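Novice: To start, I am sharing the structure in question, which I have written as structure tokens.
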Amino acid sequence: MSKKYIISSEVEELDWEELLQEDQELMVQAQEISKNAYAPYSDFQVGAAVRLKSGLILQSSNQENVSFPVGVCAERLVLGYAGANYPLDPVMKIAIVAKRKGEDSWASVSPCGMCRQAINETELRFNKLMEILILKADHKILKVQGIQALLPFKFDDLNS
Ligand code: THU
Numbered sequence: 001m002s003k004k005y006i007i008s009s010e011v012e013e014l015d016w017e018e019l020l021q022e023d024q025e026l027m028v029q030a031q032e033i034s035k036n037a038y039a040p041y042s043d044f045q046v047g048a049a050v051r052l053k054s055g056l057i058l059q060s061s062n063q064e065n066v067s068f069p070v071g072v073c074a075e076r077l078v079l080g081y082a083g084a085n086y087p088l089d090p091v092m093k094i095a096i097v098a099k100r101k102g103e104d105s106w107a108s109v110s111p112c113g114m115c116r117q118a119i120n121e122t123e124l125r126f127n128k129l130m131e132i133l134i135l136k137a138d139h140k141i142l143k144v145q146g147i148q149a150l151l152p153f154k155f156d157d158l159n160s
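Per the UniProt record's numbering, the sequence shown starts with residue 1, numbered consecutively.
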């Protein structure tokens, strides 16, 4: 008997002023680090900042490669660094922003599938949902609680 799943996600859209001050700070850190993007092939400069449970903020930008698949997104770089250096400090939040080289205004961005899976792994690792904050070109911020909202039917159990 065929079955149909209707999947819905809760995504909040906020103005900058509606963000918690600590989330504004995380966004600003992501914006700052996007300046360090190495993106000579796409000219798409991404910044990602995470807040750990201890309060520590870590940042990364995307780093590309002439062999395109070797390039790494900002999100996976910062999550990898967090896991490698602060393995006991859960990642609570991630802010993601992007800008096209040479433009003044921010571009809309959305984490790629691989990064969504990487966020999922971090949630599994620490048994904590991550709050995901994404800046849009209209300067509104999308906020979701946990990767499930962005990655339905995610792969998260080898044994199920
Ligand atoms: N990119 C990121 O770093 N994060 C995203 O969320 C979207 C895409 C990078 C990958 C590549 O260096 C460039 O942006 C264009 O896709």
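The C-beta atom is built at its ideal place from N, Cα and C for all residues, glycine as well. Since the model is a prediction, treat every value here as computed from it, not as a measurement.
Hey, which residues come within less than 6 Å of the ligand THU, measuring from Cβ to any heavy atom, in chain order?
Specialist: Qualifying residues, in the order they occur: A39, S42, F44, V46, N62, E64, G71, C73, A74, E75, I96, V109, P111, C112, C115.
Novice: In the UniProt domain "CMP/dCMP-type deaminase" (21–158), which residue ranges form an unbroken beta strand (DSSP E) of at least 3 residues, counting only runs that do not cross its ends?
Specialist: The qualifying runs are 44–52, 57–61, 91–100, 131–135, 141–145.
Novice: Taking only the alpha-carbon atoms, compute the straight-line gap between D23 and S108 and give it to the nearest angstrom.
Specialist: Along the sequence shown, read from residue 1 onward, the residue named residue 23 stands at position 23. Along the sequence shown, read from residue 1 onward, the residue named residue 108 stands at position 108. Their Cα atoms are separated by approximately 18 Å.
Novice: Thinking C-beta only, is A37 closer than 8 Å to A95?
Specialist: By 1-based counting over the sequence shown, the position of residue 95 is 95. By 1-based counting over the sequence shown, the position of residue 37 is 37. In this structure, A37 does not lie closer than 8 Å to A95 by Cβ.
Novice: As a quick exercise: from S105, L129, C112, pick the residue whose alpha carbon is nearest that of K93.
Specialist: Residue numbering aside, residue 93 sits at position 93 when the sequence shown is read from its first letter. Nearest option by C-alpha distance: L129.
Novice: Taking one C-beta from the segment 63–71 and one from the segment 101–121 each time, how about it: are there three or more such pairs within less than 8 Å?
Specialist: No, the segment 63–71 is not in contact with the segment 101–121.
Novice: Between the Cα of P111 and the Cα atoms of V72, K4, L26, K3, which residue gives the shortest distance?
Specialist: One-based indexing of the sequence shown puts residue 111 at position 111. Looking at the Cα atoms, V72 is the closest of the given residues.
Novice: Quick one: using the 10 Å Cβ neighbour count with 16 as the cut-off for buried, is S61 buried or exposed?
Specialist: Here residue 61 refers to the residue found at position 61 of the sequence shown. With 16 or more other Cβ atoms within 10 Å, it is buried.
Novice: Quick one: using the 10 Å Cβ neighbour count with 16 as the cut-off for buried, is V11 buried or exposed?
Specialist: Residue numbering aside, residue 11 sits at position 11 when the sequence shown is read from its first letter. Exposed.
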